[in-house]
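Heads up: the sequence shown runs through residues 1 to 112, numbered per full-length UniProt numbering.
Where is the CB? At the ideal position from N, CA and C, for every residue including glycine.
Here the structure is a predicted model, which is why all the values come from computation and not from measurement.
Some notes on the structure that comes next.
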Amino acid sequence: MNFMFKCSVCNFIYEREAAPEQCPKCGAPKEKFIEISEEVKEKILRSRYTNDLHMEIKTLLDTIIELAEEGIEDDLDPGCVKVFKEAKAIAFELGQKIKAELEGHMKKGKWG
Ligand SMILES: [Zn+2]
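Shown next as structure tokens:
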């Protein structure tokens, strides 16, 4: 069972059995904390899972970019370099899309 309390002042989410005496982020008193409903909790956990997947893919894409750069530098022949450049461009573009998705989630600000 997950417990979640949200600071109504700064949206900080506290995950213990009871709300803290003071908000660790903005210092608001305990009374400012509201218990998060089961429904919203589900959404928070759900979106964390998706964010983790995005982050993991982003890490792999960064590895692809590094390998592609090594390949470009290695410069064996034009065919290889072309493929490495493509790999780098695709990985970069996908990475940007993932960043945009993650930023979108954060701007909604609802699901810490
Ligand atoms: Zn707060």
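Each residue's CA atom was taken as its position, placing L76 and F92 some 22 Å apart. Taking 7 Å as the cut-off, one finds no heavy atom of ligand 1 near enough to the beta carbon of V83.
Residue pairing for P20: DSSP places it in no beta bridge. When the beta-carbon positions are compared, L102 and N51 come within less than 8 Å of each other. Taken atom to atom, the span from the alpha-carbon of H54 to that of I90 is near 16 Å.
Rounded to the nearest whole angstrom, the C-alpha separation of G79 and G71 is 11 Å. Between F5 and E35, the gap from beta carbon to beta carbon is short of 8 Å. By the criterion of a C-beta distance shorter than 6 Å, C10 is surrounded in its chain by K25, C26, once the five residues flanking it on both sides are discounted. The alpha-carbon separation between Q22 and C7 amounts to approximately 9 Å. Taking C-beta atoms under 8 Å as the contact rule, I57 and I13 fail to qualify, at a distance of about 25 Å.
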